[in-house]
Amino acid sequence: MTRPTGGGVAVEDDRHLHRLARGSGLNLIGAATSSAASFGVIFVVTNAFDQATAGGLFAGTALFMLIVTVAGLGADVGLARWVPHLMASGRTADVRRCMRSAGTAVLVTSGVAAAVMAVPSSPLTGLVGGDAPGVDLAQGIRVLAAFVPVMTVFMLLLAATRAYGTMRPTVVVDKIVRSTGQVVLVVVAAVIGTELGWLAAAWALPLLPATAWAGLWLRRVATRARDAVRPHLDTAPDGDDAVRAFWRFTLPRALGQVVQTAIQRVDVLLIAALLGVRDAAVYTAATRFMVFGQMGIQAIQQMLQPQLSRLFADGDHPAAKSVFAAATTWTILLTWPPYILFAGLAPSLLVVFGDGYGEGATTVSILCAAMLVSTATGPVDVVLLMAGRSGLSLGNNAVALVLNVVLNIVLLPRVGITGAAIAWSVAIVVRNLLPLWQIRREVGFTLAGGKALRAAVLAGATFGPAALVARSAVELRWAPTLVLVGVATAAYGLGVWRARGRLEVDILARALRRRRTPTAASRP
(Lines of atoms letter the chains of each structure in order from A; the text may use other names.)
(Lines give C-alpha, C1' and ligand atoms only; values in the text may rest on other atoms or scores of the structure.)
Protein backbone atom coordinates (compact mmCIF):
# COMPACT_ATOMS: atom_id res chain seq x y z
CA MET A 108 0.00 0.00 0.00
CA THR A 109 1.34 3.41 -0.89
CA ARG A 110 1.56 6.30 1.53
CA PRO A 111 0.58 9.76 0.19
CA THR A 112 3.11 12.51 0.58
CA GLY A 113 2.34 16.11 1.37
CA GLY A 114 2.25 16.97 -2.33
CA GLY A 115 -0.34 14.30 -3.03
CA VAL A 116 2.06 11.88 -4.76
CA ALA A 117 2.29 8.39 -3.33
CA VAL A 118 5.63 7.26 -2.00
CA GLU A 119 5.61 4.30 -4.38
CA ASP A 120 4.79 6.59 -7.32
CA ASP A 121 7.53 8.96 -6.21
CA ARG A 122 10.01 6.10 -6.41
CA HIS A 123 8.97 5.28 -9.97
CA LEU A 124 8.98 8.95 -10.97
CA HIS A 125 12.41 9.46 -9.42
CA ARG A 126 13.80 6.57 -11.46
CA LEU A 127 12.27 8.05 -14.62
CA ALA A 128 13.56 11.53 -13.75
CA ARG A 129 17.09 10.36 -12.96
CA GLY A 130 17.47 8.47 -16.22
CA SER A 131 15.75 11.19 -18.24
CA GLY A 132 17.90 13.92 -16.73
CA LEU A 133 21.10 12.06 -17.58
CA ASN A 134 19.81 11.38 -21.08
CA LEU A 135 18.85 15.03 -21.51
CA ILE A 136 22.48 16.04 -21.02
CA GLY A 137 23.51 13.66 -23.76
CA ALA A 138 20.60 14.65 -26.00
CA ALA A 139 21.54 18.33 -25.69
CA THR A 140 25.11 17.52 -26.69
CA SER A 141 23.97 15.32 -29.56
CA SER A 142 21.52 17.95 -30.83
CA ALA A 143 24.17 20.65 -30.75
CA ALA A 144 26.60 18.34 -32.56
CA SER A 145 24.00 17.43 -35.17
CA PHE A 146 23.30 21.10 -35.73
CA GLY A 147 27.05 21.69 -35.94
CA VAL A 148 27.41 19.08 -38.68
CA ILE A 149 24.65 20.75 -40.72
CA PHE A 150 26.20 24.17 -40.12
CA VAL A 151 29.65 23.06 -41.31
CA VAL A 152 28.31 21.18 -44.33
CA THR A 153 25.99 23.96 -45.53
CA ASN A 154 28.67 26.64 -45.15
CA ALA A 155 31.72 24.68 -46.38
CA PHE A 156 30.15 22.77 -49.28
CA ASP A 157 27.89 23.70 -52.18
CA GLN A 158 24.19 22.86 -51.95
CA ALA A 159 24.50 19.89 -54.32
CA THR A 160 27.16 18.21 -52.14
CA ALA A 161 25.30 19.06 -48.94
CA GLY A 162 22.06 17.70 -50.37
CA GLY A 163 23.87 14.56 -51.49
CA LEU A 164 25.11 13.91 -47.95
CA PHE A 165 21.71 14.59 -46.39
CA ALA A 166 19.87 12.37 -48.87
CA GLY A 167 22.54 9.67 -48.56
CA THR A 168 22.41 9.60 -44.77
CA ALA A 169 18.60 9.56 -44.88
CA LEU A 170 18.80 6.45 -47.08
CA PHE A 171 21.50 5.00 -44.80
CA MET A 172 19.35 5.36 -41.68
CA LEU A 173 16.34 3.85 -43.43
CA ILE A 174 18.37 0.81 -44.49
CA VAL A 175 19.89 0.48 -41.01
CA THR A 176 16.38 0.45 -39.56
CA VAL A 177 15.31 -2.30 -41.96
CA ALA A 178 18.40 -4.35 -41.14
CA GLY A 179 17.90 -3.87 -37.40
CA LEU A 180 14.66 -5.91 -37.47
CA GLY A 181 13.25 -3.91 -34.54
CA ALA A 182 15.50 -5.91 -32.20
CA ASP A 183 16.44 -2.84 -30.19
CA VAL A 184 12.85 -2.27 -29.09
CA GLY A 185 12.41 -6.01 -28.61
CA LEU A 186 15.27 -6.02 -26.11
CA ALA A 187 13.88 -2.92 -24.37
CA ARG A 188 10.68 -4.84 -23.68
CA TRP A 189 11.90 -8.39 -23.09
CA VAL A 190 15.12 -7.99 -21.12
CA PRO A 191 13.39 -6.20 -18.17
CA HIS A 192 10.46 -8.62 -18.47
CA LEU A 193 12.68 -11.72 -18.29
CA MET A 194 15.02 -10.29 -15.64
CA ALA A 195 12.00 -9.57 -13.43
CA SER A 196 11.34 -13.34 -13.51
CA GLY A 197 14.97 -14.27 -12.95
CA ARG A 198 15.24 -15.83 -16.42
CA THR A 199 18.80 -14.77 -17.15
CA ALA A 200 19.47 -17.73 -19.45
CA ASP A 201 16.55 -16.70 -21.64
CA VAL A 202 17.91 -13.15 -21.78
CA ARG A 203 21.17 -14.50 -23.22
CA ARG A 204 19.28 -16.63 -25.73
CA CYS A 205 17.24 -13.68 -26.94
CA MET A 206 20.34 -11.51 -27.25
CA ARG A 207 22.23 -14.15 -29.23
CA SER A 208 19.27 -14.64 -31.54
CA ALA A 209 18.89 -10.88 -32.06
CA GLY A 210 22.60 -10.36 -32.69
CA THR A 211 22.86 -13.20 -35.21
CA ALA A 212 19.80 -12.06 -37.17
CA VAL A 213 20.94 -8.43 -37.25
CA LEU A 214 24.44 -9.34 -38.47
CA VAL A 215 23.03 -11.38 -41.35
CA THR A 216 20.45 -8.82 -42.49
CA SER A 217 22.81 -5.86 -42.17
CA GLY A 218 25.48 -7.66 -44.21
CA VAL A 219 22.99 -8.35 -47.00
CA ALA A 220 21.71 -4.77 -46.88
CA ALA A 221 25.24 -3.37 -47.11
CA ALA A 222 26.01 -5.55 -50.13
CA VAL A 223 22.88 -4.40 -51.95
CA MET A 224 23.57 -0.76 -51.12
CA ALA A 225 27.18 -0.98 -52.37
CA VAL A 226 26.37 -2.34 -55.84
CA PRO A 227 27.87 0.21 -58.29
CA SER A 228 24.78 0.23 -60.54
CA SER A 229 22.37 0.34 -57.60
CA PRO A 230 19.10 2.16 -58.34
CA LEU A 231 19.44 3.68 -54.90
CA THR A 232 21.74 6.32 -56.40
CA GLY A 233 18.92 7.57 -58.58
CA LEU A 234 16.61 7.59 -55.57
CA VAL A 235 18.76 10.26 -53.93
CA GLY A 236 19.16 12.37 -57.05
CA GLY A 237 21.94 10.50 -58.82
CA ASP A 238 22.22 12.91 -61.76
CA ALA A 239 23.40 15.91 -59.71
CA PRO A 240 26.20 17.57 -61.73
CA GLY A 241 29.62 17.60 -60.10
CA VAL A 242 28.62 15.27 -57.25
CA ASP A 243 29.51 11.55 -57.18
CA LEU A 244 26.53 10.31 -55.21
CA ALA A 245 27.33 6.68 -55.97
CA GLN A 246 30.69 7.09 -54.23
CA GLY A 247 29.06 8.55 -51.12
CA ILE A 248 26.50 5.75 -50.98
CA ARG A 249 29.19 3.05 -51.29
CA VAL A 250 31.13 4.60 -48.42
CA LEU A 251 28.03 4.66 -46.23
CA ALA A 252 27.14 1.09 -47.22
CA ALA A 253 30.31 -0.19 -45.54
CA PHE A 254 29.06 1.15 -42.22
CA VAL A 255 25.54 -0.35 -42.32
CA PRO A 256 26.52 -3.47 -40.25
CA VAL A 257 28.51 -1.31 -37.83
CA MET A 258 25.65 1.10 -37.20
CA THR A 259 23.12 -1.72 -36.86
CA VAL A 260 25.21 -3.58 -34.27
CA PHE A 261 25.98 -0.32 -32.47
CA MET A 262 22.28 0.48 -32.05
CA LEU A 263 21.58 -3.04 -30.79
CA LEU A 264 24.38 -2.91 -28.21
CA LEU A 265 23.17 0.41 -26.82
CA ALA A 266 19.57 -0.83 -26.72
CA ALA A 267 20.72 -3.83 -24.67
CA THR A 268 22.48 -1.62 -22.10
CA ARG A 269 19.33 0.53 -21.79
CA ALA A 270 17.28 -2.63 -21.31
CA TYR A 271 19.48 -3.45 -18.29
CA GLY A 272 18.48 -0.09 -16.82
CA THR A 273 21.44 2.18 -17.54
CA MET A 274 21.46 5.22 -19.83
CA ARG A 275 25.16 5.97 -19.37
CA PRO A 276 26.50 4.10 -22.43
CA THR A 277 23.93 5.77 -24.68
CA VAL A 278 24.72 9.19 -23.26
CA VAL A 279 28.50 8.91 -23.14
CA VAL A 280 29.30 6.74 -26.16
CA ASP A 281 26.60 7.78 -28.61
CA LYS A 282 25.30 11.21 -27.75
CA ILE A 283 28.56 12.76 -26.61
CA VAL A 284 31.60 10.92 -28.03
CA ARG A 285 30.25 9.77 -31.40
CA SER A 286 28.30 12.98 -32.05
CA THR A 287 31.19 15.32 -31.27
CA GLY A 288 33.52 13.06 -33.24
CA GLN A 289 31.31 13.58 -36.28
CA VAL A 290 31.64 17.35 -36.01
CA VAL A 291 35.43 17.16 -35.74
CA LEU A 292 35.84 14.84 -38.72
CA VAL A 293 33.37 16.77 -40.88
CA VAL A 294 35.48 19.89 -40.26
CA VAL A 295 38.55 17.90 -41.30
CA ALA A 296 36.76 16.73 -44.45
CA ALA A 297 35.91 20.33 -45.28
CA VAL A 298 39.60 21.22 -45.04
CA ILE A 299 41.14 18.33 -47.00
CA GLY A 300 38.65 17.97 -49.85
CA THR A 301 35.27 18.66 -51.34
CA GLU A 302 34.30 15.18 -52.54
CA LEU A 303 31.16 13.57 -51.14
CA GLY A 304 33.06 10.35 -50.42
CA TRP A 305 35.36 12.12 -47.95
CA LEU A 306 32.39 13.81 -46.33
CA ALA A 307 30.42 10.56 -45.98
CA ALA A 308 33.46 8.83 -44.44
CA ALA A 309 33.91 11.64 -41.93
CA TRP A 310 30.25 11.35 -40.92
CA ALA A 311 30.46 7.57 -40.41
CA LEU A 312 33.98 6.85 -39.04
CA PRO A 313 33.22 7.64 -35.37
CA LEU A 314 31.00 4.55 -35.39
CA LEU A 315 34.01 2.22 -35.28
CA PRO A 316 35.45 3.09 -31.84
CA ALA A 317 31.97 3.80 -30.49
CA THR A 318 30.77 0.28 -31.35
CA ALA A 319 33.78 -1.36 -29.70
CA TRP A 320 33.26 0.71 -26.56
CA ALA A 321 29.54 -0.08 -26.44
CA GLY A 322 30.29 -3.80 -26.67
CA LEU A 323 32.69 -3.68 -23.73
CA TRP A 324 30.21 -1.66 -21.68
CA LEU A 325 27.39 -4.13 -22.36
CA ARG A 326 29.56 -7.01 -21.24
CA ARG A 327 30.19 -5.37 -17.86
CA VAL A 328 26.55 -4.36 -17.37
CA ALA A 329 25.19 -7.79 -18.29
CA THR A 330 27.65 -9.63 -16.04
CA ARG A 331 26.78 -7.51 -13.01
CA ALA A 332 23.06 -7.81 -13.68
CA ARG A 333 23.22 -11.61 -13.91
CA ASP A 334 25.27 -11.83 -10.72
CA ALA A 335 22.62 -9.81 -8.87
CA VAL A 336 19.67 -12.00 -9.94
CA ARG A 337 18.93 -15.48 -8.65
CA PRO A 338 17.32 -17.45 -11.51
CA HIS A 339 13.96 -19.00 -10.71
CA LEU A 340 14.04 -22.76 -10.20
CA ASP A 341 10.94 -23.18 -12.36
CA THR A 342 12.56 -21.62 -15.46
CA ALA A 343 12.16 -23.99 -18.39
CA PRO A 344 15.45 -25.59 -19.50
CA ASP A 345 14.54 -25.03 -23.17
CA GLY A 346 14.54 -21.31 -23.98
CA ASP A 347 12.97 -21.70 -27.43
CA ASP A 348 9.65 -20.38 -26.10
CA ALA A 349 11.32 -17.18 -24.90
CA VAL A 350 13.05 -16.65 -28.25
CA ARG A 351 9.83 -17.27 -30.16
CA ALA A 352 7.95 -14.86 -27.90
CA PHE A 353 10.72 -12.30 -28.44
CA TRP A 354 10.40 -12.47 -32.22
CA ARG A 355 6.60 -12.56 -32.15
CA PHE A 356 6.74 -9.17 -30.51
CA THR A 357 9.78 -7.87 -32.37
CA LEU A 358 8.99 -8.66 -36.01
CA PRO A 359 5.80 -6.56 -36.15
CA ARG A 360 7.79 -3.85 -34.42
CA ALA A 361 10.52 -4.25 -37.04
CA LEU A 362 8.05 -3.33 -39.75
CA GLY A 363 6.66 -0.57 -37.56
CA GLN A 364 10.12 0.84 -36.96
CA VAL A 365 10.91 0.79 -40.68
CA VAL A 366 7.68 2.62 -41.38
CA GLN A 367 8.35 5.09 -38.58
CA THR A 368 11.84 5.84 -39.88
CA ALA A 369 10.46 6.15 -43.40
CA ILE A 370 8.01 8.78 -42.14
CA GLN A 371 10.99 10.79 -40.86
CA ARG A 372 13.31 10.24 -43.85
CA VAL A 373 11.20 9.64 -46.95
CA ASP A 374 10.50 13.33 -47.48
CA VAL A 375 14.22 14.07 -47.98
CA LEU A 376 14.50 11.22 -50.48
CA LEU A 377 11.38 12.30 -52.37
CA ILE A 378 12.56 15.90 -52.49
CA ALA A 379 15.95 14.76 -53.85
CA ALA A 380 14.27 12.54 -56.44
CA LEU A 381 11.51 14.96 -57.53
CA LEU A 382 13.07 18.39 -56.99
CA GLY A 383 16.83 17.77 -56.71
CA VAL A 384 19.52 17.56 -54.05
CA ARG A 385 19.72 21.34 -53.65
CA ASP A 386 16.13 21.48 -52.43
CA ALA A 387 16.91 18.49 -50.19
CA ALA A 388 19.73 20.53 -48.63
CA VAL A 389 17.43 23.49 -47.91
CA TYR A 390 14.73 21.24 -46.44
CA THR A 391 17.18 19.31 -44.24
CA ALA A 392 18.69 22.53 -42.90
CA ALA A 393 15.21 23.86 -42.09
CA THR A 394 14.16 20.68 -40.30
CA ARG A 395 17.41 20.54 -38.32
CA PHE A 396 15.96 22.94 -35.77
CA MET A 397 13.56 20.15 -34.82
CA VAL A 398 16.36 18.27 -33.05
CA PHE A 399 16.47 20.83 -30.24
CA GLY A 400 12.90 19.96 -29.32
CA GLN A 401 13.30 16.28 -30.02
CA MET A 402 16.18 16.00 -27.56
CA GLY A 403 13.67 16.37 -24.72
CA ILE A 404 11.38 13.76 -26.25
CA GLN A 405 14.17 11.24 -26.74
CA ALA A 406 15.66 11.88 -23.32
CA ILE A 407 12.44 10.91 -21.59
CA GLN A 408 11.17 8.19 -23.92
CA GLN A 409 14.38 6.14 -23.95
CA MET A 410 14.21 5.86 -20.18
CA LEU A 411 10.44 5.38 -20.25
CA GLN A 412 10.53 2.21 -22.40
CA PRO A 413 12.18 -0.25 -19.97
CA GLN A 414 10.43 1.28 -16.98
CA LEU A 415 6.97 0.84 -18.49
CA SER A 416 7.92 -2.69 -19.52
CA ARG A 417 8.77 -3.55 -15.89
CA LEU A 418 5.58 -1.98 -14.57
CA PHE A 419 3.38 -3.78 -17.09
CA ALA A 420 5.20 -7.05 -16.32
CA ASP A 421 4.44 -6.51 -12.61
CA GLY A 422 0.81 -5.60 -13.39
CA ASP A 423 1.26 -2.19 -11.74
CA HIS A 424 -1.01 -0.12 -14.01
CA PRO A 425 -1.51 2.77 -11.53
CA ALA A 426 2.25 3.36 -11.38
CA ALA A 427 2.47 3.07 -15.16
CA LYS A 428 -0.22 5.74 -15.55
CA SER A 429 1.58 8.00 -13.10
CA VAL A 430 4.86 7.61 -14.99
CA PHE A 431 3.09 8.28 -18.30
CA ALA A 432 1.49 11.45 -16.97
CA ALA A 433 4.78 12.74 -15.58
CA ALA A 434 6.61 11.91 -18.82
CA THR A 435 4.02 13.86 -20.83
CA THR A 436 4.23 16.89 -18.53
CA TRP A 437 8.03 16.97 -18.56
CA THR A 438 8.10 16.54 -22.34
CA ILE A 439 5.83 19.57 -22.80
CA LEU A 440 7.92 21.62 -20.38
CA LEU A 441 11.09 20.79 -22.29
CA THR A 442 9.85 20.96 -25.88
CA TRP A 443 7.15 23.61 -26.19
CA PRO A 444 9.44 26.62 -25.54
CA PRO A 445 11.90 25.80 -28.37
CA TYR A 446 9.17 24.81 -30.81
CA ILE A 447 7.22 28.02 -30.17
CA LEU A 448 10.35 30.15 -30.48
CA PHE A 449 11.61 28.44 -33.63
CA ALA A 450 8.24 28.99 -35.31
CA GLY A 451 8.60 32.73 -34.69
CA LEU A 452 12.33 33.11 -35.28
CA ALA A 453 12.62 30.85 -38.33
CA PRO A 454 13.39 33.61 -40.90
CA SER A 455 16.22 34.95 -38.75
CA LEU A 456 17.60 31.57 -37.69
CA LEU A 457 18.02 30.13 -41.18
CA VAL A 458 20.59 32.74 -42.17
CA VAL A 459 23.21 30.79 -40.19
CA PHE A 460 23.28 28.21 -43.00
CA GLY A 461 24.26 30.76 -45.65
CA ASP A 462 22.64 32.10 -48.78
CA GLY A 463 19.69 30.26 -50.29
CA TYR A 464 18.40 28.59 -47.13
CA GLY A 465 15.90 31.26 -46.04
CA GLU A 466 13.09 29.76 -48.09
CA GLY A 467 12.78 27.02 -45.49
CA ALA A 468 11.20 29.37 -42.89
CA THR A 469 7.65 28.22 -43.63
CA THR A 470 8.79 24.61 -43.29
CA VAL A 471 10.10 25.29 -39.78
CA SER A 472 6.84 26.93 -38.65
CA ILE A 473 4.60 24.17 -40.01
CA LEU A 474 6.61 21.36 -38.42
CA CYS A 475 6.87 23.16 -35.09
CA ALA A 476 3.08 23.45 -34.94
CA ALA A 477 2.75 19.72 -35.64
CA MET A 478 5.21 18.90 -32.86
CA LEU A 479 3.19 20.91 -30.35
CA VAL A 480 0.25 18.61 -31.06
CA SER A 481 2.46 15.51 -30.98
CA THR A 482 4.03 16.24 -27.59
CA ALA A 483 0.67 17.19 -26.06
CA THR A 484 -0.60 13.63 -26.57
CA GLY A 485 2.34 12.17 -24.66
CA PRO A 486 4.49 9.10 -25.47
CA VAL A 487 1.47 7.11 -26.62
CA ASP A 488 3.35 4.87 -29.05
CA VAL A 489 5.77 3.85 -26.28
CA VAL A 490 2.80 2.81 -24.13
CA LEU A 491 1.42 0.66 -26.96
CA LEU A 492 4.77 -1.02 -27.51
CA MET A 493 5.60 -1.70 -23.89
CA ALA A 494 2.09 -3.04 -23.33
CA GLY A 495 2.80 -5.58 -26.09
CA ARG A 496 0.60 -4.00 -28.80
CA SER A 497 3.31 -3.78 -31.46
CA GLY A 498 0.81 -4.74 -34.17
CA LEU A 499 -1.28 -1.66 -33.46
CA SER A 500 1.84 0.49 -33.57
CA LEU A 501 2.69 -0.98 -36.97
CA GLY A 502 -0.77 -0.18 -38.32
CA ASN A 503 -0.63 3.40 -37.06
CA ASN A 504 2.75 4.05 -38.62
CA ALA A 505 1.69 2.44 -41.91
CA VAL A 506 -1.30 4.78 -42.16
CA ALA A 507 0.90 7.78 -41.41
CA LEU A 508 3.51 6.71 -43.98
CA VAL A 509 0.93 6.29 -46.75
CA LEU A 510 -0.42 9.76 -46.02
CA ASN A 511 3.10 11.18 -45.98
CA VAL A 512 4.12 9.66 -49.32
CA VAL A 513 0.87 10.48 -51.12
CA LEU A 514 0.83 14.07 -49.91
CA ASN A 515 4.50 14.52 -50.84
CA ILE A 516 3.89 13.25 -54.37
CA VAL A 517 0.86 15.52 -54.75
CA LEU A 518 2.25 18.66 -53.09
CA LEU A 519 5.98 18.72 -53.95
CA PRO A 520 5.51 19.64 -57.64
CA ARG A 521 2.99 22.33 -56.66
CA VAL A 522 4.37 24.08 -53.57
CA GLY A 523 7.93 22.75 -53.27
CA ILE A 524 9.42 21.88 -49.90
CA THR A 525 6.46 23.46 -48.09
CA GLY A 526 4.46 20.50 -49.39
CA ALA A 527 6.89 18.12 -47.71
CA ALA A 528 6.43 19.99 -44.42
CA ILE A 529 2.64 19.71 -44.72
CA ALA A 530 2.87 15.99 -45.54
CA TRP A 531 5.17 15.23 -42.61
CA SER A 532 3.01 17.29 -40.23
CA VAL A 533 -0.12 15.36 -41.19
CA ALA A 534 1.77 12.10 -40.61
CA ILE A 535 3.01 13.30 -37.21
CA VAL A 536 -0.46 14.24 -36.01
CA VAL A 537 -2.10 11.05 -37.29
CA ARG A 538 0.50 8.73 -35.73
CA ASN A 539 -0.12 10.34 -32.35
CA LEU A 540 -3.91 10.66 -32.37
CA LEU A 541 -4.49 7.04 -33.40
CA PRO A 542 -2.48 5.50 -30.53
CA LEU A 543 -4.01 8.02 -28.12
CA TRP A 544 -7.41 6.51 -28.87
CA GLN A 545 -6.02 2.97 -28.76
CA ILE A 546 -4.28 3.18 -25.39
CA ARG A 547 -7.52 4.41 -23.87
CA ARG A 548 -9.34 1.40 -25.29
CA GLU A 549 -6.60 -1.20 -24.75
CA VAL A 550 -4.92 -0.30 -21.45
CA GLY A 551 -7.14 2.40 -19.95
CA PHE A 552 -4.72 5.33 -20.39
CA THR A 553 -5.99 8.82 -21.18
CA LEU A 554 -4.43 12.23 -21.74
CA ALA A 555 -2.12 13.31 -18.94
CA GLY A 556 -4.71 15.85 -17.75
CA GLY A 557 -4.30 18.92 -15.58
CA LYS A 558 -0.53 18.81 -15.11
CA ALA A 559 0.19 18.59 -18.82
CA LEU A 560 -2.40 21.26 -19.61
CA ARG A 561 -0.86 23.58 -17.02
CA ALA A 562 2.57 23.08 -18.58
CA ALA A 563 1.22 23.81 -22.07
CA VAL A 564 -0.60 26.97 -20.97
CA LEU A 565 2.49 28.24 -19.16
CA ALA A 566 4.73 27.70 -22.20
CA GLY A 567 2.22 29.28 -24.56
CA ALA A 568 1.58 32.31 -22.34
CA THR A 569 5.28 33.15 -21.93
CA PHE A 570 6.87 32.20 -25.25
CA GLY A 571 3.85 32.72 -27.52
CA PRO A 572 3.91 36.56 -27.40
CA ALA A 573 7.69 36.57 -27.95
CA ALA A 574 7.30 34.37 -31.04
CA LEU A 575 4.51 36.57 -32.44
CA VAL A 576 6.59 39.72 -32.02
CA ALA A 577 9.59 38.06 -33.64
CA ARG A 578 7.52 36.81 -36.57
CA SER A 579 5.81 40.16 -37.18
CA ALA A 580 9.06 42.15 -37.15
CA VAL A 581 10.43 42.45 -40.66
CA GLU A 582 14.06 42.79 -39.56
CA LEU A 583 14.46 41.88 -35.92
CA ARG A 584 18.05 42.46 -34.86
CA TRP A 585 19.86 39.98 -32.66
CA ALA A 586 20.17 42.25 -29.61
CA PRO A 587 16.42 42.88 -29.17
CA THR A 588 15.76 39.26 -30.08
CA LEU A 589 17.95 38.04 -27.25
CA VAL A 590 16.26 40.47 -24.85
CA LEU A 591 12.84 39.22 -25.97
CA VAL A 592 13.81 35.58 -25.51
CA GLY A 593 15.46 36.37 -22.19
CA VAL A 594 12.32 37.98 -20.79
CA ALA A 595 10.17 35.07 -21.95
CA THR A 596 12.61 32.56 -20.46
CA ALA A 597 12.69 34.38 -17.11
CA ALA A 598 8.89 34.51 -16.96
CA TYR A 599 8.67 30.84 -17.90
CA GLY A 600 11.27 29.82 -15.33
CA LEU A 601 9.43 31.73 -12.61
CA GLY A 602 6.14 30.10 -13.57
CA VAL A 603 7.64 26.61 -13.55
CA TRP A 604 9.27 27.24 -10.19
CA ARG A 605 6.06 28.43 -8.59
CA ALA A 606 4.15 25.42 -9.94
CA ARG A 607 6.97 22.92 -9.41
CA GLY A 608 4.98 20.75 -7.03
CA ARG A 609 1.93 20.49 -9.29
CA LEU A 610 4.13 19.84 -12.33
CA GLU A 611 6.27 17.34 -10.37
CA VAL A 612 9.35 19.27 -11.41
CA ASP A 613 10.58 19.01 -7.83
CA ILE A 614 10.98 15.26 -8.36
CA LEU A 615 12.98 15.89 -11.52
CA ALA A 616 15.13 18.47 -9.73
CA ARG A 617 15.82 16.15 -6.78
CA ALA A 618 16.79 13.36 -9.15
CA LEU A 619 19.31 15.60 -10.89
CA ARG A 620 20.79 16.86 -7.59
CA ARG A 621 21.14 13.54 -5.84
CA ARG A 622 23.26 10.63 -6.98
CA ARG A 623 21.96 7.47 -5.36
CA THR A 624 24.09 4.37 -5.33
CA PRO A 625 23.18 2.51 -8.53
CA THR A 626 21.98 -1.05 -8.44
CA ALA A 627 24.01 -3.89 -9.86
CA ALA A 628 21.77 -3.88 -12.90
CA SER A 629 22.38 -0.24 -13.61
CA ARG A 630 26.09 0.24 -12.86
CA PRO A 631 28.26 0.45 -15.97
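Numbering (my numbering), first residue to last: 108 to 631. Backbone N, C-alpha and C define an ideal beta-carbon position, used for all residues, glycine too.
Cα atoms of M397 and W324: separation of roughly 30 Å, rounded to the nearest angstrom. In this model, V294 and A426 are separated by some 47 Å (Cα to Cα).
Within 10 angstroms of the beta-carbon of G526 lie 16 or more other beta-carbons, which makes it buried. 8 Å or more divides the Cβ of T168 from the Cβ of W305. For M262, the enclosing alpha helix (DSSP H) covers residues 255 to 270. Ranked by Cα distance from T484, the first of A434, P520, L448 is A434. Taking C-beta atoms as the reference points, A352 and I439 fail to come closer than 8 Å. Under the DSSP assignment, I174 falls in the alpha helix (DSSP H) whose first and last residues are 158 to 179.
No residue range can be given for G383, since it is assigned to no alpha helix (DSSP H) and is classified by DSSP as neither H nor E. Under the DSSP assignment, D201 falls in the alpha helix (DSSP H) whose first and last residues are 199 to 225. Between G247 and M224, the alpha-carbon positions lie close to 11 Å from each other.
Contact annotation: P256 and R285 have beta-carbon atoms that are not nearer than 8 Å. Boundaries for D421: no alpha helix (DSSP H) harbours it, and the DSSP string shows neither H nor E there. Between A476 and the set G467, N504, I447, the nearest pair of CA atoms involves I447.
In the pairwise beta carbon analysis, the segment 353 to 371 is classified as touching the segment 176 to 187: at least three pairs are separated by under 8 Å. Exposure of I299 is indicated by the presence of fewer than 16 other C-beta atoms within 10 angstroms of its C-beta. One thing to note: V487 has its Cβ within 8 Å of the Cβ of P542. DSSP places D488 inside the alpha helix (DSSP H), whose first and last residues are 487 to 493. The beta carbons of V506 and V537 sit closer together than 8 Å.
In the three-state reduction of the DSSP assignment, D462 falls in the coil class. Bounds of the alpha helix (DSSP H) holding A534 are 524 to 549. Between L492 and R188 a beta carbon distance of about 7 Å is seen, short of the 8 Å cut, so the two are scored as contacting. Between the segment 149 to 167 and the segment 199 to 210 there are fewer than three C-beta pairs closer than 8 Å, too few to call the two in contact. Using a Cβ-Cβ distance cut-off of 8 Å, the segment 211 to 218 and the segment 516 to 535 are not in contact, since fewer than three pairs of beta carbons, one from each stretch, lie closer than that value. With a threshold of 16 other beta carbon atoms within 10 Å, D462 falls short and is exposed.
The alpha carbon of A388 has as its nearest neighbour, out of F150, S142, V279, the alpha carbon of F150.
Judged by DSSP secondary structure, M478 falls within the alpha helix (DSSP H) whose first and last residues are 468 to 484. I370 is a Cβ neighbour of N511, given a cutoff of 8 Å. In this structure, R372 sits near L173, with a CB-CB distance shorter than 8 Å.
Comparing alpha-carbon positions, the option among A252, A606, L501, L164 lying closest to V384 turns out to be L164.
Annotated three-state conformation of T588 is helix, per DSSP. Annotation: the continuous alpha helix (DSSP H) that includes L575 extends over 557 to 579. Between K282 and A166, the C-beta gap is not smaller than 8 Å, which leaves the two residues out of contact.
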